[in-house]
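Quick look at the structure:
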């Protein structure tokens, strides 16, 4: 069995991210507090997102940076809900 070329993998990942983000222009974030006191941020609209932070604000900022990087990479703008 031949391996999938890395260029094809990157193109597939970019296409999947573009499709996911274009279908949900407003991204909802979910916060969970772990036993060790860190916040974990996930999103039902972006199954690739899972970031952590020592505070909810730090975790949100890390998530915002991740969304910016991915949206620039795949050429789709996204919006996050306003901070609580």
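Residue numbers (the UniProt record's numbering): 1 to 84.
From the three backbone atoms N, C-alpha and C, an ideal C-beta is built for every residue, glycine too.
What you are looking at is a predicted structure, and each value in this text was computed from that prediction instead of being measured.
Exposed or buried, what is residue i when buried is set at 16 or more other beta-carbons lying within 10 Å of its beta-carbon?
i, result
"residue 26", "exposed"
"residue 65", "exposed"
"residue 69", "exposed"
"residue 20", "buried"
Could you give the DSSP three-state label for residue i: helix, strand or coil?
i, result
"residue 42", "strand"
"residue 29", "coil"
"residue 76", "coil"
"residue 57", "helix"
"residue 52", "strand"
Quick test of your reading: residue i and residue j, contact by CB under 8 Å. State the CB separation rounded to the nearest angstrom.
i, j, result
"residue 43", "residue 30", "7 Å"
"residue 13", "residue 39", "Incorrect: roughly 26 Å between the Cβ atoms, too far for contact."
On a CA-only basis, which of the options is nearest residue i? Give me that one, please.
i, options, result
"residue 16", "33, 45, 36", "45"
"residue 87", "6, 11, 18", "Here the chain covers residues 1 to 84 and nothing more, so residue 87 does not appear."
"residue 36", "74, 52, 76", "52"
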